[in-house]
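Quick note: the sequence shown uses our numbering, first residue 6, plus one each step. We put the beta carbon where it would ideally sit given N, CA and C, even for glycine.
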Amino acid sequence: MVKWICTNSQNNDQRIGVERDKSLKSRSSALFTGTALVKILMLIGKFQAFRITCIMLILGKVNNKK
């Protein structure tokens with residue numbers, strides 16, 4: 006009976022450790038997903054700013070020729 010209690014507590018400790026590992030992995034993957042998303046959005050923003058700048062330059066050249 007005592008042996009069963011000891012092994013049961015060890016299993017509980019191992020189970021708690023596994024749950025901690027899972028929560029840390031989910032946090033780190035969420036952080037990775039978040040940072041990847043931010044990087045993608047920043048890249049899109051830079052591309053959009055470049056396009057707008059090019060369009061403004063073209064429009065400026067067209068207006069100057071008239």
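Alpha-carbon spacing of residue i relative to residue j, whole angstroms
i, j, result
"residue 55", "residue 38", "26 Å"
"residue 58", "residue 41", "26 Å"
"residue 47", "residue 53", "10 Å"
"residue 70", "residue 51", "29 Å"
"residue 49", "residue 43", "10 Å"
"residue 65", "residue 45", "30 Å"
"residue 62", "residue 68", "10 Å"
Cβ-based burial, residue i [other Cβ within 10 Å; buried from 16]
i, result
"residue 60", "exposed"
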